[in-house]
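Structure first, then comments.
If you want it as structure tokens, here you go:
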């Protein structure tokens with residue numbers, strides 16, 4: 028482990044925490060980990076989005092309704108460091124107004140791309156001290172597209188720390204003799220490109236192979252029609268929402284290969300880290316920060332979707348030859364992306380930022 032920050036800090040984390048998703052998961056577990064390091068952590072979140080079916084189940088979270096409400100709450104806490112997770116006008120302006128005397132950090136969980144000229148992330152130029160991207164390509168892109176000239180760091184977002192909460196069996200290295208059990212976990216939306224898996228299923232899957240698609244979204248109906256039209260109903264199935272906790276671990280470990288054919292402006296999907304933790308290899312299109320997850324037991328394209336199916340075929344060949352080592356994959360996760368490792372990195376970075384601000388004053 029790296030050396031930890033020596034000074035307990037008062038830290039404000041601002042990020043949406045209701046429901047499930049990357050920002051929610053990262054914010055909740057970053058708060059938990061930093062608290063365990065001895066810091067005083069306060070989480071501020073926008074109100075639950077009723078249209079998404081979210082409810083407020085977080086008694087230790089301060090819910091804010093507007094810029095004035097958020098900035099007043101920050102001033103009352105008097106933080107040493109404030110971290111904005113995600114983006115939004117209220118969050119950014121609230122920090123600018125309420126955290127004038129503390130070190131302000133923006134954490135980019137998207138791809139770093141500038142969506143429009145009048146983007147709320149431009150407010151980093153109004154007094155923010157550093158930016159953090161969750162992948163090296165994300166950090167580079169943010170620096171370029173937003174003209175950021177200050178300190179920039181790369182630290183991955185925290186996935187659900189499965190290894191701390193549940194038992195994760197070590198997977199054995201075996202050669203697959205018959206069909207490969209493929210799986211997709213995530214949102215079913217056009218940029219996720221799940222239809223590609225159905226359209227070209229027969230190119231990479233033998234007759235004994237199956238594909239389970241877990242998740243929900245706007246593309247579910249279209250994908251169901253594609254499955255029927257191609258006569259794949261016995262081999263490709265939409266499974267709906269996936270479970271959490273130990274049941275999620277068992278589900279991940281029941282498959283041979285995870286597929287992520289995304290063409291979206293990605294940050295770095297946490298499902299890939301969760302797969303690593305469980306020893307499940309993956310093939311992913313290298314969008315956003317995904318290339319940082321490269322390791323000997325997975326396949327990541329250079330971002331060209333035309334290389335995705337060839338990558339799947341290559342991984343199938345390796346699986347049949349017993350060339351994939353799940354224990355090596357789990358070890359790679361433990362050394363680079365485990366809860367303790369990532370909390371160490373955040374702890375040291377925030378401590379360094381606070382020390383720099385003390386020195387400058």
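Numbering (my numbering), first residue to last: 28 to 388. Glycine is no exception: its CB is placed at the ideal position from the N, C-alpha and C atoms.
Quiz item: How would you call residue 255, buried or exposed, if buried means at least 16 neighbouring beta carbons within 10 angstroms?
Solution: exposed
Quiz item: Under the three-state reduction of DSSP, which class applies to residue 365: helix, strand or coil?
Solution: coil
Quiz item: Excluding the five sequence neighbours on either side, which residues of its own chain have a C-beta within less than 7 Å of the C-beta of residue 214, listed in chain order?
Solution: 242, 244
Quiz item: Alpha carbon to alpha carbon, how far is residue 306 from residue 163?
Solution: 24 Å
Quiz item: Does the distance from the CB of residue 72 to the CB of residue 44 come in under 7 Å?
Solution: yes
Self-check item: Secondary structure, alpha helix (DSSP H): runs of 4+ residues fully inside the segment 109-161
Solution: 116-125
Quiz prompt | Sub-7 Å separation of residue 37 and residue 107 beta-carbons | solution = yes
Exercise. Kindly identify the DSSP beta-bridge partner or partners of residue 181.
Key: 160
Quiz item: Cα separation between residue 161 and residue 313?
Solution: 14 Å
Practice problem: Identify the continuous beta strand (DSSP E) that holds residue 237 and give its terminal residues. | Solution: 237-241
Quiz prompt | Euclidean distance between Cα positions of residue 137 and residue 262 | solution = Spanning the alpha carbons of residue 137 and residue 262 requires a straight line of approximately 33 Å.
Exercise. Can you grab the Cα-Cα spacing for the pair residue 135 / residue 141, in whole Å?
Key: 11 Å
Self-check item: Identity of the residue in 372, 345, 322 nearest residue 357 by Cα
Solution: 322
Exercise. Per DSSP, which residues does residue 326 bridge with? Please list them.
Key: 310
Quiz item: Is there contact between the segment 350-368 and the segment 171-182, where contact requires at least three CB pairs shorter than 8 Å?
Solution: no
Quiz item: Going by DSSP, which residues form a beta bridge with residue 333?
Solution: BP columns for residue 333 are empty, so no partner.
Exercise. Rounded to whole angstroms, what's the CA-CA distance from residue 154 to residue 211? Just pull it up for me.
Key: 41 Å
Quiz item: Under the rule that 16 or more other beta-carbon atoms within 10 Å means buried, what is residue 373, buried or exposed?
Solution: buried
Exercise. Indicate the three-state DSSP secondary structure (helix, strand or coil) for residue 71 in the structure shown.
Key: Under the three-state reduction of DSSP, residue 71 is assigned to strand.
Self-check item: Cα-Cα separation between residue 228 and residue 92, rounded to whole angstroms
Solution: Residue 228 and residue 92 have their C-alpha atoms spaced approximately 47 Å apart.
Quiz item: For the segment 344-352 against the segment 94-105, are there 3 or more C-beta pairs whose distance is under 8 Å?
Solution: At 8 Å Cβ cutoff, the stretches do not touch.
Practice problem: Determine, using beta carbons only, whether residue 198 and residue 353 come nearer to each other than 7 Å. | Solution: Yes, they are a contact pair.
Quiz item: Near residue 145, which residues of its chain fall below 8 Å by C-beta distance, leaving aside the five closest residues on each side in sequence?
Solution: none
Quiz item: Which residue from 94, 221, 275 puts its Cα closest to that of residue 251?
Solution: 221
Quiz item: CA-CA distance, residue 326 and residue 226?
Solution: Distance between the alpha carbons of residue 326 and residue 226 is about 20 Å.
Quiz item: Short check: CB of residue 187 to CB of residue 206, under 7 Å?
Solution: Going by C-beta atoms, residue 187 is not nearer than 7 Å to residue 206.
Quiz item: What's the C-alpha gap between residue 288 and residue 218?
Solution: 9 Å
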